[in-house]
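Read the structure below first, then the notes.
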């Protein structure tokens, strides 16, 4: 298996002519969970227009947005903001019931972002999730969409010689279940997102782009001590080789997310956009 230094060296040699973003405009999207603290009353349209004004062209939705809005209403708000929404996160607990809602929204992807906590600690819990994902993937596909799972760090805990992440990858049908890799949570778990993306290849179709502060401990436990977020370009993640590999693999969507920040959510989105836009051209 390639170590990180060797892989990055090979990457540089393999892609000398591939300037990031060369010859193709790559849109950036914002995961709207980033602005959850700003959403009050009926101000979502104004917030989305601010995100579009930063330069973002796409949005990824999250579960709370669906509670008080019909799919028709939410689709109209997005359309008038100038943002398209190719993907949305839907809770595990009511995922199947939301498939018609996602179809009416016109989404291309339905993403499950989290397993129930009761299933985190055992191989059996992840095997049950894998079987469920296969079922959902088939149903989502019938509705003209695709299904993906979004990782955190807890999936990388050692579970009797394996990990939950490995179980999900091995026990799901690659024609039905895809992956949205989160660069922060992979790094927080002690893994290298460039190496993992290389290993998984085209099974990964979407990325969450956010950075991680320097000199903080890794962990596979999802709690407050695992929160070391910073804006893209302000931390330790090697985005240049990551994005070069992502382009080589034909990653379809790139979403910026800032779970928490010591800045305002909009300022965080601006900082990450400016950094990533320069890399992507």
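Residue numbers (the working numbering): 1375 to 1655. Just so you know, even glycine gets a beta-carbon here, dropped at the ideal spot from N, CA and C. Here the structure is a predicted model, which means the values were calculated and not measured.
Residue i versus residue j: straight-line alpha-carbon distance, rounded
i            : j            : result
residue 1629 : residue 1442 : 24 Å
residue 1572 : residue 1617 : 11 Å
residue 1404 : residue 1638 : 15 Å
residue 1718 : residue 1488 : No information on residue 1718 is available, as it lies outside the stretch 1375 to 1655 that the chain covers here.
residue 1414 : residue 1471 : 26 Å
residue 1533 : residue 1542 : 13 Å
residue 1515 : residue 1589 : 43 Å
residue 1654 : residue 1401 : 9 Å
residue 1428 : residue 1537 : 39 Å
residue 1478 : residue 1457 : 17 Å
DSSP-derived helix/strand/coil call for residue i
i            : result
residue 1446 : helix
residue 1460 : strand
residue 1627 : strand
residue 1601 : coil
residue 1385 : Reliability fails at residue 1385, whose pLDDT of 47 lies under 50, so the model's placement of it is uncertain and the value that follows must be treated cautiously. Residue 1385 falls in the helix class under three-state DSSP.
residue 1478 : helix
residue 1592 : coil
residue 1606 : coil
residue 1376 : Summary for residue 1376: the model assigns pLDDT 49, below 50, so the residue's position carries little reliability, and this model does not support an answer.
residue 1533 : strand
residue 1483 : strand
First and last residue of the uninterrupted alpha helix (DSSP H) at residue i
i            : result
residue 1641 : 1639 to 1654
residue 1426 : 1418 to 1428
residue 1433 : It is not in any alpha helix (DSSP H) - residue 1433 instead sits in the beta strand (DSSP E) that spans 1432 to 1435.
residue 1513 : 1497 to 1516
Residue range of the unbroken beta strand (DSSP E) whose run includes residue i
i            : result
residue 1403 : 1403 to 1405
residue 1579 : 1578 to 1583
residue 1521 : 1520 to 1524
Cβ of residue i within 8 Å of any chain C Cβ
i            : result
residue 1454 : The structure shown has no chain C; it contains just one protein chain.
Supposed close pair residue i, residue j - CB separation, criterion 8 Å
i            : j            : result
residue 1436 : residue 1407 : 4 Å
Any 3 or more C-beta pairs closer than 8 Å across the region 1525 to 1532 and the region 1554 to 1566: yes
contact_flag[the region 1563 to 1580, the region 1642 to 1651] where n(CB pairs < 8 Å) is 3 or more: no
Inter-stretch contact at 8 Å, needing at least 3 Cβ pairs: the region 1455 to 1474 / the region 1582 to 1599: no
Given 8 Å, three or more beta-carbon pairs between the region 1502 to 1513 and the region 1547 to 1554: yes
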